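Engineer: Protein sequences appear in the order of chains A and B. Position 300 (the first sequence) corresponds to 299 in numbering that gives the first Met the number 0; numbering is contiguous. Position 279 (the second sequence) corresponds to 278 in numbering that gives the first Met the number 0; numbering is contiguous. Glycine is no exception: its CB is placed at the ideal position from the N, C-alpha and C atoms. Everything numeric in this text was worked out from a predicted model, so none of it was measured.
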Amino acid sequence: MTLLREINQNVRRIMPSQLERLVRRGEQLREELRHGVKKPYKNLMDVFWGDLQGGGVRPLSFVRQVLAACYYPQLVHSDKLPIDVRERAQALLGACEGGSVGSYAATSGMRHVQESVARFICQRDGGVPSNPDNIYISTGSQRSIMKVLKLLVHREGSPPTGVLTPVPGYRSVTMILEAFGAAVVPYHLREGPGWVLQTEELHRALRATEGSCKPTVLYVINPGNPTGHVQSRKSIEEVIRFAAEKKLFLMADEVYQDMTFGKGQTFVSYKRVLAEMGPPFSHTVELASLHSASKGFMGEAGLRGGYVELVNLDPSIIDYVHTLFSTDAGAPVSGQLALELMAQPPRPGEPSYPIYTQETQAIRAMLVQNVGRALEVLNSLPGVSCQAVEGGAFVFPRLHLPPRAVQQAQEAGLEPDLLYCSRLLEEEGLCVAPGCEHGQMEGTHHLRISMATSVERAEEALRRLTAFHLRFMEDFS
Amino acid sequence: MLVSEPSIRMSFVQDVKSRMGEPRVSPQESLQKWATLKVERKPFQKVIDVSSDDSHRAGMKPFSFVRQVLAGCLYPELLYGDSLPQDARKRVQDLLRGCDGGSVGSYSDSAGLLHVQSSVAEFITRRDAGVPSHSQNIFISAGSQQALTVVLKLLARGEGLSQTGVLAPQPWPRTLPMVLDVAGVCLVPYPLHEEQGWALEVDQLHWALQHARGRCHPRAIYISNPGNPTGHVQSRQSIEEVIQFAAEEKLFLLVDEVYQDSVYGKGRDFVSYKRVLFEMGRQYSKTVQMASFHSLSKSVLGECGLRAGYMELVNVDPDVMLFAETLFCCDICAPVPGQLALEVMVRPPEPGEVSYGTYKQEVLSNRNTLAQNAQQAWECLIGLPGVSCQPVMGGVSLYPKLSPPPALMAQAMALQVEVDVLYSHLLLEEEGVCVGAGSEHGQREGSYHLRLCILTRPDTLEEVLSRLTSFHLRLLDQVSQHALG
């Protein structure tokens, strides 16, 4: 007897992604290796998640020391931890109900954390004020996106709510949109040079909808994932003007804002640019800007902390926002504390500052080296080209596959880059994400490779990729 | 903020209103917000909040072993030296081995860390005297509410007459209507029998089903055992009756067993729906479909802030389970510290291990406090005129019935609030005690209740009872004076 045979259409529409199949195969292979099955490689390498700790990079000492003391307050009185760690733990415990991290925290966020985040934002944006009341803490950027979309997407809408979405972008957001019954309106980032966002393309994408949906949201990712492009101030201004003109709600995913290392571009937030554009834009364009403790130097993806700052929302909507963010029992305390520590790191003069600086600089240096090395290797391979990367945790090289390879993939009913990744996994034990996972121009193929790992591991990944690629190109020439 | 295009903004607001309904701010939330404000010029020094099951907020201490293990997992430097006992250090090493990159900061699989799923499966098998549980049927969630929402989404379909209906007990857990609403299913109440200690009676299930016809399409039945807010613990016979009913009517069983650690009534033990199902023979054990839920927040550990729980799916098609997994993928994974605490919850220290003695003692002390508090609070409440309360067997709250004086009823009507909400509001204003109101849990017309969490420090409970008694007697006095005068 199967009661659950007829599942809601909206759930059915969510297909398990290509990446999940690949991940599952990766797990199977890992199991086989554990049971001593012989393979051409000794271990499986995952370089598709962009979190540092998954890539074997150590967490920041200050963060973990404070968290340990919060969870086991006996440590607050021990001299094993530096004094600024102990003081911070005490302050954070004081902000928790009953002085324990085990209590429920306020659903839209602990006040203390909201205030710390608001201070951080204001400092980051050169003094542009940030109101703690407009900061909503969640379990991560994905959750924040879901909440914001819930507010904006008319599930049973006719025509459906349209959300302009970058290609390439995040597969998980597309899945969420599909689950919500929204219409995905793709706009293509221009690969050469450097995956820029061109407003002409935004116009084209909008025109192409031709009344088939009601365009409501413009979703941007900056720094880009998977592209690694960091938008210039001018580009951000153009996007804001476009949103204003077309009356679109701007949703800006800025989770990689810490990780910029290109020589040209530094990160500037959508909020700052908006504020500095002055009226009427600064008072009217509605913006949600997202950040997370999972990415960047923190890399604390397992702790689940993120926030969204809402700008220029109609005050009468605020009650609904509050309701939306209170349908869960609140972001876990672990994530909220991680956010606070991200927002308020050690300052010069404090005992933990030297180590903190050393650790973050080492991570930055590692990323710069990995990206540099990857670009060097990739651009030297036949049939591979890769744009410069200015930020984020990935390289996103393009594969110029031989026609026979493309044909074989089509016959097997697979995307060519997925076929490539599957064979790469089987032959070299290296797991990277296929470009089809992120969306790409028809007829183009890509890979997404995480650089958020040690220099040695990155080198090993490149070695395995090179060996495989040369064989692959040879096989299909 | 300049509203340069008011018509656009207004239509947007109206659109949101029509889609989302009015903003949901429960009276309880307003009360709680009020409770956190500074109290000046009040006869009380501090507001005591016993409206929610947050034992840590109410001053109960966490268990040492759990926190030691978590601290070690967060900051593995603690493994060197003697800050942590030896068995805690070993557990940290075991747990970190199962985390990507050996760190709690890495992403975990959407359905949970594999070794946590295995430990949960082993725990369930032990708990149910050998009835097997498999890790592929275990989904780790960020709390029981999230897991319940996933299953509801799988069950939800249709609109109007064909909309999925879920039978739910009345009184229900406070957040249940919201969860059902968000998932797009209809709540079909089945009243519990107050005079029989809030027992679940199959007649009421049949009655509810009858009533549902013509309104929606019932596809599932939600059970809370031990009951929230009632504290009723079902007998094995009662569970069998419910399972038979579900089988006959082809309903999916949603079994919320989050309070399974909190059973203290004499002569009543917790037995899980899964165990009873399997012991009923193949006719049922191979066919009845079920999801059962447990949670870190409501377990003896009481770690609400860590946000973790699990659900076990029974007799669900593998294809459907794939959809469940997909839904979990669309959502986020449970925070890793929570998952690790869950592992400790299901695999606590064992006899012979260094931390066993302390752990056992802490659990015992916690459970004794609960049982004693329950008894003390119950005796106090039934001693108040106009208050009655069913004997308590389990859960962490008391759910007394109020017979409010007519004058208070009139005042409530004039203010257009439920009388139990008014009572709790006045109690907060005058004595600084925050309790829950029965109207948030659904109740029969004309009956009123309060909800008090009793998993608090004994001195806190004494203070609560003292203030409540004082308030209640004063209220009756005022009202009778008013009537006389």
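Beta-carbon of R24/A versus every beta-carbon of chain B: anything under 7 Å?
Structural biologist: no
Engineer: Could you please give the first and the last residue of the uninterrupted beta strand (DSSP E) stretch that includes E311/B?
Structural biologist: G308 to V313
Engineer: Where I354/A and L73/B are concerned, what is the direct C-alpha to C-alpha distance, given to the nearest angstrom?
Structural biologist: 18 Å
Engineer: Tell me which residues of the stretch 106-126 of chain B have at least one Cβ-Cβ distance to chain A shorter than 7 Å, keeping chain order.
Structural biologist: Y106 and S107
Engineer: Would DSSP call A373/B helix, strand or coil?
Structural biologist: helix
Engineer: Please report the straight-line C-alpha distance between Q368/A and R463/A, rounded to a whole angstrom.
Structural biologist: 18 Å
Engineer: Is it buried or exposed for F470/B, if we count other Cβ within 10 angstroms and need 16 for buried?
Structural biologist: buried
Engineer: Please report the distance separating the alpha-carbon of D127/B from that of Q386/A.
Structural biologist: 58 Å
Engineer: For G304/A and A406/B, I'd like the C-alpha separation in whole angstroms.
Structural biologist: For G304/A and A406/B, the distance between alpha carbons rounds to 49 Å.
Engineer: Mind checking if S157/A is an interface residue toward chain B, Cβ cutoff 7 Å exclusive?
Structural biologist: no
Engineer: Residues in its own chain within less than 7 Å of V315/B by CB, not counting five upstream and five downstream?
Structural biologist: Q288
Engineer: Which value, in whole angstroms, describes the spacing of the CA atoms of L78/B and V335/B?
Structural biologist: 19 Å
Engineer: Just how far apart, CA to CA, sit R443/B and E194/B?
Structural biologist: Between the alpha carbons of R443/B and E194/B lies a distance of about 13 Å.
Engineer: In terms of DSSP beta bridges, what is K45/B paired with?
Structural biologist: According to DSSP, K45/B bridges with nothing at all.
Engineer: Would you identify the three-state DSSP class for V115/B, choosing helix, strand or coil?
Structural biologist: helix
Engineer: Does DSSP put Q169/B in a helix, a strand or coil?
Structural biologist: Of the three classes helix, strand and coil, the one that applies to Q169/B here is strand, per DSSP.
Engineer: Starting from V166/A and walking both ways along the beta strand (DSSP E), at which residues does that stretch end?
Structural biologist: Unbroken beta strand (DSSP E) run through V166/A: T160 to V166.
Engineer: Leaving aside the five residues before and after L250/B along the sequence, list all residues of the same chain whose C-beta is less than 8 Å from its C-beta, in chain order.
Structural biologist: L166, P217, R218, A219, I220 and F244
Engineer: From F467/A to F322/B, what does the alpha carbon distance come to, in whole angstroms?
Structural biologist: Our two residues, F467/A and F322/B, have alpha carbons roughly 34 Å apart in a direct line.
Engineer: Locate the alpha helix (DSSP H) running through Y352/A, then write down its first and last residues.
Structural biologist: From DSSP, the alpha helix (DSSP H) with Y352/A extends over Y352 to S379.
Engineer: Could you tell me whether the Cβ of V307/A comes closer than 7 Å to any Cβ of chain B?
Structural biologist: no
Engineer: What's the gap between the Cα of V127/A and the Cα of Y135/A?
Structural biologist: 18 Å
Engineer: Counting only Cβ pairs nearer than 7 Å, list the residues of chain A close to C303/B.
Structural biologist: Against chain A, a Cβ distance below 7 Å from C303/B picks out G101, S102 and Y103.
Engineer: For a test of the three-state rule: what should DSSP assign to K38/A, helix, strand or coil?
Structural biologist: coil
Engineer: Using 8 Å as the cut-off, can you tell me whether the stretch 291-301 of chain B makes contact with the stretch 396-405 of chain B, which would need three or more C-beta pairs spanning the two stretches below that distance?
Structural biologist: no
Engineer: Does the beta carbon of V432/B sit closer than 7 Å to a beta carbon anywhere in chain A?
Structural biologist: With 7 Å as the cut-off, V432/B does not count as an interface residue toward chain A.
Engineer: Helix, strand or coil for I453/B, going by three-state DSSP, please let me know.
Structural biologist: Note: I453/B maps to coil in three-state DSSP.
Engineer: Mind listing which residues of the stretch 46-69 of chain A have their C-beta closer than 7 Å to chain B's C-betas, in chain order?
Structural biologist: W48, D50, Q52, G53, G54, G55, P58, R63, Q64, L66 and A67
Engineer: Apart from the five residues just before and just after F475/A, which ones in its own chain have a Cβ nearer than 8 Å to its Cβ?
Structural biologist: Cβ neighbours of F475/A beyond the five flanking positions: L400, P401, R403, A404 and Q407.
Engineer: Which word fits E503/A, buried or exposed, when buried means at least 16 other C-beta atoms lie within 10 angstroms of its C-beta?
Structural biologist: In the structure as shown, chain A starts at 0 and stops at 476, and residue 503/A therefore has no counterpart that could be examined.
Engineer: Does any residue of chain B bring its CB to less than 7 Å from the CB of A300/A?
Structural biologist: yes
Engineer: Answer yes or no: does any C-beta atom of chain A fall closer than 7 Å to that of V335/B?
Structural biologist: Cβ-Cβ to chain A under 7 Å: yes for V335/B.
Engineer: Given a limit of 7 Å on CB to CB distance, which residues of the stretch 135-153 of chain A reach chain B?
Structural biologist: T138, G139, Q141, R142, L150 and H153
Engineer: Check A287/A in the structure and name its three-state DSSP category.
Structural biologist: In the three-state scheme derived from DSSP, where H, G and I count as helix and E and B as strand, A287/A is classed as strand.
Engineer: Consider the Cβ of Y169/A: report whether some Cβ of chain B lies at a distance smaller than 7 Å.
Structural biologist: no
Engineer: Less than 7 Å between CB atoms is the rule here; does G93/A satisfy it with respect to chain B?
Structural biologist: no
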